[in-house]
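Report on the structure given below.
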Amino acid sequence: EDQVTQSPEALRLQEGESSSLNCSYTVSGLRGLFWYRQDPGKGPEFLFTLYSAGEEKEKERLKATLTKKESFLHITAPKPEDSATYLCAVQAGNAGNMLTFGGGTRLMVKP
Amino acid sequence: DAGITQSPRYKITETGRQVTLMCHQTWSHSYMFWYRQDLGHGLRLIYYSAAADITDKGEVPDGYVVSRSKTENFPLTLESATRSQTSVYFCASSEPTQPQHFGDGTRLSIL
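Going down the list, the protein sequences come from chains A and B. Just so we're aligned: 59 in this note's numbering is position 59 of the first sequence, and the numbers increase by one with no gaps anywhere. Just so we're aligned: 1068 in this note's numbering is position 68 of the second sequence, and the numbers increase by one with no gaps anywhere.
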């Protein structure tokens, strides 16, 4: 059974204080690992897809990395507008287009 | 604008009643999905569809019915609502191997 565990569950940062969110996974043949951002009252918004160990993707203050067992979402010099819940999901090679989601990390950035 | 829309955004109903949540996408994506999001469980897949007239069960299908007569629509029906089905429901769509894109959800309360 595919499993995704995100840590920490919640993270409070001061504006400008860089940190990382973790996504650990076990999956039968990883096809892709996805990061989403979710704001209150909204649906998840796609950020990145990573396909193989060693791959990195960047967007503004966010950088996602992937190893064979986990992914990190690094947030550099965060701003209050980065406050959101960040979701990680995996797609297994034998699962068609289905995703298995982790529980998310709720990030709060204080000015 | 192209996108994915869910209706209604909010719904209150009583146990035993039938309720249908609507999902419409304008991208002509082949895949569509229904998830529920609950505290402590994250996003869980209820049903998905790979194309019109093709549907399959996800992780938590009991108590739900779906249909897909047209590519752009994927309604979710609770035939006899129970309190345990109180949740936020998200619809998503995608092309094969591509990221899923989500609607803004329906918040359903069952009294």
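Here a beta-carbon is modelled for each residue, glycine too, at the ideal position from N, C-alpha and C.
Show which residues of chain B have a CB atom less than 7 Å away from the CB atom of residue i.
| i | result |
| --- | --- |
| K42 of chain A | D1104 |
| T49 of chain A | P1099 |
| F101 of chain A | G1042 and L1043 |
Listing by chain order, which chain A residues have their CB less than 9 Å from the CB of residue i?
| i | result |
| --- | --- |
| A1050 of chain B | G96 and N97 |
| Y1047 of chain B | None at all; the shortest Cβ gap to chain A is about 11 Å. |
| P1096 of chain B | G96 and N97 |
Round the Cβ separation of residue i and residue j to the nearest angstrom and send it over; I've been treating them as touching at under 8 Å.
| i | j | result |
| --- | --- | --- |
| N97 of chain A | S1049 of chain B | Contact flag wrong, Cβ pair sits at about 10 Å. |
Looking only at its own chain, which residues have a Cβ that is under 8 Å from the Cβ of residue i, when we skip the five neighbours before and after it?
| i | result |
| --- | --- |
| V1088 of chain B | R1036, Q1037, D1038, G1105, T1106, R1107 and L1108 |
| G1040 of chain B | none |
By DSSP's criteria, residue i is part of a beta bridge. Which residues make up the other side?
| i | result |
| --- | --- |
| V1060 of chain B | Paired residues: none, contrary to the question. |
| W35 of chain A | A:F48 and A:C88 |
| K110 of chain A | A:Q14 |
| T76 of chain A | Looking at the DSSP assignment, T76 of chain A forms no beta bridge with any residue, so it has no partner. |
| H1101 of chain B | B:S1093 |
Looking at the structure shown, is residue i part of a helix, part of a strand, or coil, going by DSSP?
| i | result |
| --- | --- |
| D1038 of chain B | strand |
| Q3 of chain A | strand |
| S1084 of chain B | helix |
| E9 of chain A | coil |
| E58 of chain A | strand |
| E70 of chain A | strand |
Among the residues of its own chain, which have a CB less than 6 Å from the CB of residue i, if the five just before and after it don't count?
| i | result |
| --- | --- |
| V1066 of chain B | Y1047, T1055 and L1076 |
| G93 of chain A | G29 and R31 |
With a threshold of 7 Å on Cβ separation, who are the neighbours of residue i within its own chain once the five nearest residues in sequence on each side are excluded?
| i | result |
| --- | --- |
| T1008 of chain B | Per the sequence shown, residue 1008 of chain B should be read as Pro rather than Thr. These residues qualify, in order along the chain: T1106. |
| S19 of chain A | L11, L13 and I75 |
Listing by chain order, which chain B residues have their CB less than 9 Å from the CB of residue i?
| i | result |
| --- | --- |
| G104 of chain A | G1042 and L1043 |
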